[in-house]
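Only one structure is covered here, and it is reproduced in the block below.
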Amino acid sequence: MKTILLTLALTGTATAQTTVEFWHSFGDAKRTGWIQARADEFNKANPGIKVVPSYKGSYNDSLQATILAARQNKAPALVQIFEVGSQLALDSGAFQPVSGIKNVDFSDYIKPVINYYTIGGKVNSLPFNSSSPVLYFNQELMKKAGLNPKTPPTTYSGLLKACQKIEAAKLGATCFGMSLNGWFIEQWMAQQGASLLNNGNGRQGRATATNLDSAAAKNIFTFFKTLQANKAFTYTGKLEDWDGSDAIFTNQKTVFHITSTADIGNIRDAAKASGFTVGVGVLPIADGTKRNGVVIGGASLWVSKSVSKAQAEAALDFALYMTNTKNMADWHKLTGYYPVRQSSIELLRKQGWFTQSPLQLVAFNQLTKTVPSAATAGGLNGAAIQTRKIIEEGIQKVLAGQSVDAALQETKARADAALNEYNANFK
């Protein structure tokens, strides 16, 4: 009888425990290990809750798996979703705004970051791993070309002028390279104060068309056309080849490179191994425009709608714990992602982190000086995965010789068609 009673007691205890499945898209040991360590700490401090993190593939794979699981009433409580998946996540109906689960003070989150995930006056998800693009440069090669690493180019024309000196110096390296990724085009639109999409970048109403026929878009496509004409640009030939693009730069085949702030640590270490010193500057922007700031990249944490109230609250509590002041400062040191909280930046300053790692300071200043607007809040687009690729292919055609006007006309037509096809599901 005692054995039966003990079994019943243990069963009752297990049933009372609230389980929070957390699906994320970090497959490497460094970031997966950090997430698991935070879950272990949280579980120990909250014995009535068990957070179970698991890797679910790429951002897109994880989002699609979550939507499918939700349809089968098997959705995880907490999911990491990339920023351009936000509209698709909203349209799926599978998630609930985190601001509606319990009363949370979001004032400590960096404004450009929290603004991205604030839609229709509701905070839909909690910022986690956030990033933006910066300019990387090889200080030694700059000096050999007669350029000053203390004053890297900040505009398109500044970069093009630097490229002329690099070409004349015959360094055996191309001037500039980057991954062909639609994210950068979105950034350059926002820097000019221009929305990528109509209807307030999709935030005042569902986006029905792109603004790829704008002067801002033409500035960006023309920049690539000029780079190609001057033989000043190189890439792997593949779309969204982040690693390949980084390798070109760290192997000293280019002097300048643009990629995410999240790569600062890895690129710095690879540069050191390759025998050069890397510098970091602000993202060069189109000439004659005021610097408006960057659109946040990365991902945030969404809570499923179908889970119980206890699971939803536990999921949010863990998300808040994982993104608290200390944890976000540590996360930033480990990965290079922004720490998303103002208090985390202050903590890092007190610890002298920016003196030890001055490369990160440029990225922080660029982010915190962002002017809030529909443009810098980022575009909401349920077909974003498809339209990004279409824009990348448009740039690729310009690099292959197509005229800017023809490429823009074709790119806009294709992207608008993809938007209309997606929106047809919501009429």
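First residue of the sequence shown: 27, per the working numbering; consecutive thereafter. In this text, a Cβ means the ideal position worked out from N, Cα and C, and glycines have one as well.
Secondary structure of residue i, DSSP reduced to three states
i       : result
Val-124 : helix
Gln-106 : strand
Leu-152 : strand
Tyr-363 : coil
Lys-438 : helix
Ile-371 : helix
Ala-444 : helix
Ser-383 : coil
Tyr-261 : coil
Ala-325 : strand
Gly-203 : strand
Cys-189 : helix
Ser-157 : strand
Val-424 : helix
Val-130 : coil
Thr-33  : A caution first: Thr-33 carries a pLDDT of 41, below 50, which makes its placement in the model unreliable, though a value can still be read off. The answer is helix: DSSP assigns Thr-33 an H, G or I state.
Thr-396 : coil
Val-281 : strand
Gly-291 : helix
Leu-94  : helix
Thr-413 : helix
Leu-112 : In the sequence as displayed, the identity of residue 112 is Ser instead of Leu. Here Ser-112 sits in helix by DSSP.
Val-320 : coil
Asn-449 : helix
Leu-346 : helix
Leu-173 : coil
Asn-99  : coil
Gln-254 : helix
Pro-64  : Looking at the sequence provided, one finds Arg at residue 64 rather than Pro. Correct three-state label for Arg-64: helix.
Asp-267 : coil
Ala-433 : helix
Residue burial classification, residue i (beta-carbon count within 10 angstroms, cutoff 16)
i       : result
Thr-29  : Unreliable positioning characterises Thr-29 in this predicted model, as indicated by a pLDDT of 45, which lies under 50. A coordinate reading is not provided.
Thr-381 : exposed
Asn-227 : buried
Pro-73  : exposed
Leu-36  : In this prediction, Leu-36 scores a pLDDT of 43, lower than 50, which makes its location untrustworthy; the coordinate-derived value is nonetheless stated afterwards. Burial call: exposed.
Asp-343 : buried
Gln-98  : exposed
Asp-272 : buried
Pro-398 : exposed
Ser-88  : buried
Gln-332 : The question names Gln, but residue 332 is Ser in the sequence shown. Buried is the call here.
Gly-119 : exposed
Lys-82  : buried
Ser-205 : buried
Ala-194 : exposed
Asn-451 : exposed
Residues bridged to residue i (per DSSP)
i       : result
Lys-76  : Thr-45
Thr-144 : Val-149
Thr-164 : Going by the sequence as given, residue 164 is Asn instead of Thr. Looking at the DSSP assignment, Asn-164 forms a beta bridge with Val-304.
Ser-286 : Pro-159
Ile-136 : Per DSSP, none; premise fails for Ile-136.
His-50  : Tyr-81
Ser-330 : Phe-121
Leu-223 : Thr-236
Ile-311 : Thr-181
Proximity of residue i and residue j at Cβ, strictly below 7 Å
i       : j       : result
Pro-310 : Leu-222 : no
Ala-409 : Leu-445 : yes
Ser-112 : Lys-148 : no
Lys-251 : Val-430 : yes
Gly-305 : Pro-175 : yes
Asn-69  : Val-77  : yes
Val-139 : Ala-216 : no
Arg-229 : Ala-400 : yes
Met-354 : Arg-367 : yes
Ser-383 : Asp-134 : no
Residue nearest to residue i in terms of C-alpha spacing, selected from the options
i       : options                               : result
Lys-415 : Gln-386, Pro-79, Lys-191 and Asp-442  : Asp-442
Glu-419 : Ala-432, Ala-325 and Ala-42           : Ala-432
Ala-241 : Ala-199, Lys-331, Gln-435 and Gly-172 : Gln-435
Asp-117 : Cys-189, Thr-44, Ile-145 and Gly-378  : Ile-145
Trp-5   : Arg-232, Tyr-182 and Arg-229          : For residue 5 there is no data in the structure shown, the boundaries of the chain being 27 and 453.
Leu-346 : Tyr-85, Leu-152 and Gln-113           : Leu-152
Thr-303 : Glu-166, Ala-355 and Val-124          : Glu-166
Lys-244 : Ile-61, Thr-200, Thr-44 and Lys-438   : Lys-438
Ile-290 : Gly-307, Phe-247 and Gly-405          : Gly-307
Ser-156 : Ile-421, Thr-287 and Val-329          : Thr-287
Val-105 : Phe-52, Val-130, Ile-136 and Phe-202  : Phe-52
Lys-352 : Ala-340, Phe-282, Ala-341 and Pro-365 : Pro-365
Pro-102 : Lys-359, Trp-379 and Trp-328          : Trp-328
Asp-313 : Ala-297, Asp-269, Ile-284 and Lys-187 : Lys-187
Ile-411 : Tyr-85, Trp-379 and Lys-279           : Tyr-85
Ala-115 : Ala-325, Trp-209, Ile-246 and Gly-427 : Ala-325
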